[in-house]
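Written out below as structure tokens is the structure these notes cover.
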Amino acid sequence: MMKHVFLTGVPGVGKTTLVKKVCDAVVSGGVSVSGFYTEEVRERGRRVGFDVVTLTGDRGRLSRIGTQSAAGGRECRVGQYAVDLQSFESLALPLFRNMREGSKRLFVIDEIGKMELFSQAFIRAVRQTLDASSCSVLGTIPVPKGKPLALVEEVRSRQDVKIFMITKENRDVIFDDIVSAVQECLKSFEGEGLQRARQIEKGIVGRAVAIRGLVRVTPLLFS
Numbered sequence: 001m002m003k004h005v006f007l008t009g010v011p012g013v014g015k016t017t018l019v020k021k022v023c024d025a026v027v028s029g030g031v032s033v034s035g036f037y038t039e040e041v042r043e044r045g046r047r048v049g050f051d052v053v054t055l056t057g058d059r060g061r062l063s064r065i066g067t068q069s070a071a072g073g074r075e076c077r078v079g080q081y082a083v084d085l086q087s088f089e090s091l092a093l094p095l096f097r098n099m100r101e102g103s104k105r106l107f108v109i110d111e112i113g114k115m116e117l118f119s120q121a122f123i124r125a126v127r128q129t130l131d132a133s134s135c136s137v138l139g140t141i142p143v144p145k146g147k148p149l150a151l152v153e154e155v156r157s158r159q160d161v162k163i164f165m166i167t168k169e170n171r172d173v174i175f176d177d178i179v180s181a182v183q184e185c186l187k188s189f190e191g192e193g194l195q196r197a198r199q200i201e202k203g204i205v206g207r208a209v210a211i212r213g214l215v216r217v218t219p220l221l222f223s
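FYI, in UniProt numbering the residues of the sequence shown are 1 to 223.
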């Protein structure tokens with residue numbers, strides 16, 4: 001059963017733009033959404049790094065060119081970008097905790113990439129969220145390049161994940177297909193929730209019947 005949707009494609013192809021559009025579509029349909037996306041930071045037209053931005057507009061540094069990462073003396077670097085692990089974790093990790101404790105039905109993870117995967121806490125949180133029975137995930141992953149990323153390969157191999165390959169040729173026409181897939185995922189959770197509710201109700205009724213039977217039988221023991 002499909003529960004999660006991930007987009008993949010080369011950098012700059014439009015994955016994050018599609019994620020934002022899909023979120024707008026499902027929110028307009030009454031679905032509660034949480035999570036974060038990654039956004040380029042540019043100065044005078046030149047990309048100098050990336051920020052993490054929550055769906056409520058909070059922003060934190062993910063990486064910058066040439067700066068040292070703030071990770072207790074450990075440098076985390078992807079190419080020319082130094083990853084600010086402390087900044088990333090302080091913004092992203094609470095979103096996972098709040099999601100598990102709240103009632104959000106769709107959780108956005110944009111993206112599961114090399115920079116984010118320096119965080120072991122992030123890796124654990126992603127796995128827990130994918131295995132949770134409370135929400136669907138709409139996420140992005142990079143295309144395979146160089147050494148495989150373990151968590152990305154896990155996502156690719158999951159039977160409950162639908163993956164869309166985004167290209168310049170299809171990015172303007174694939175939106176409806178992604179929205180439909182997300183809606184199907186949300187329906188699957190509704191079905192599971194209804195099934196659990198029926199199981200609980202059945203258990204309660206069964207216990208009530210047993211108690212009534214005990215009440216009827218007990219006086220006979222003293223007659």
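Where is the CB? At the ideal position from N, CA and C, for every residue including glycine. In this text the structure is predicted, and so the values were computed from the model without any measurement.
Which residue marks the beginning of the beta strand (DSSP E) containing Glu111, and which one marks its end?
Mapped onto the sequence shown, residue 111 falls at position 111. Glu111: not part of any beta strand (DSSP E); DSSP gives it neither H nor E.
Within the same chain, show all residues whose beta-carbon is closer than 7 Å to that of Ser119, passing over the 5 residues directly before and after it, in chain order.
Taking the sequence shown and counting its residues from 1, the one referred to as residue 119 is at position 119. Excluding positions up to five away in sequence, the list reads Leu85, Phe88 and Glu89.
Helix, strand or coil: which one does DSSP assign to Lys162?
By one-based count along the sequence shown, residue 162 stands at place 162. Under the three-state reduction of DSSP, Lys162 is assigned to strand.
Excluding the 5 residues flanking Val27 on each side, which residues of the same chain have their C-beta closer than 7 Å to its C-beta?
The sequence position of residue 27 within the sequence shown is 27, counting from 1. Closer than 7 Å at Cβ, skipping near neighbours: Val33.
Just the C-alpha distance for Arg46 and Val155, rounded to the nearest angstrom, thanks.
The count along the sequence shown starts at 1 and reaches residue 46 at position 46. The count along the sequence shown starts at 1 and reaches residue 155 at position 155. Approximately 32 Å, taken between the alpha carbons.
If you reduce the DSSP assignment to three classes, tell me which class Phe6 lands in.
Position 6 of the sequence shown, counted from the first residue, corresponds to residue 6. The answer is strand: DSSP assigns Phe6 an E or B state.
Roughly how far, in whole angstroms, is the beta-carbon of Met2 from the beta-carbon of Lys162, given that I think they are within contact range, below 8 Å?
Locating residue 2 in the sequence shown gives position 2, where the first residue counts as 1. Locating residue 162 in the sequence shown gives position 162, where the first residue counts as 1. Met2 to Lys162, Cβ: 5 Å. Contact.
With which residues is Pro142 paired in a DSSP beta bridge?
Translated into positions along the sequence shown, residue 142 becomes position 142. For Pro142, which the question treats as bridged, DSSP gives the partners Gly9.
By how many angstroms is the C-alpha of Phe189 removed from the C-alpha of Ser133?
Indexing the sequence shown from 1 puts residue 133 at position 133. Indexing the sequence shown from 1 puts residue 189 at position 189. Taking the straight line from one Cα to the other gives about 7 Å.
Could you tell me whether the Cβ atoms of Asp39 and Asp51 are closer together than 8 Å?
As a working note, residue 39 is residue 39 in the sequence shown. As a working note, residue 51 is residue 51 in the sequence shown. Asp is not the amino acid found at residue 39; the sequence shown has Glu there. It is a contact, given that the beta carbons lie within the stated cut-off.
Secondary structure of Thr16, DSSP reduced to three states:
Numbered from its first residue, the sequence shown carries residue 16 at position 16. Helix, per DSSP.
Quick check: the Cα distance between Ser100 and Thr129, rounded to an integer number of angstroms?
The residue labelled residue 100 in the question sits at position 100 within the sequence shown. The residue labelled residue 129 in the question sits at position 129 within the sequence shown. A small fix is needed here, since residue 100 is Arg in this sequence, not Ser. Their Cα atoms are separated by approximately 8 Å.
Assuming contact is defined by CB atoms lying nearer than 8 Å, are Asp110 and Val19 in contact in what I supplied?
Indexing the sequence shown from 1 puts residue 110 at position 110. Indexing the sequence shown from 1 puts residue 19 at position 19. Yes, these two residues count as a Cβ contact at 8 Å.
What residues in its chain sit with their C-beta under 8 Å from that of Phe36, if we drop five residues either side in the sequence?
The sequence position of residue 36 within the sequence shown is 36, counting from 1. The beta carbon of Phe36 is closer than 8 Å to those of Val52, Val53, Thr54, Leu55, Leu91, Ala92, Leu95, Val108, Ile109 and Asp110 in its chain, skipping five residues each way along the sequence.
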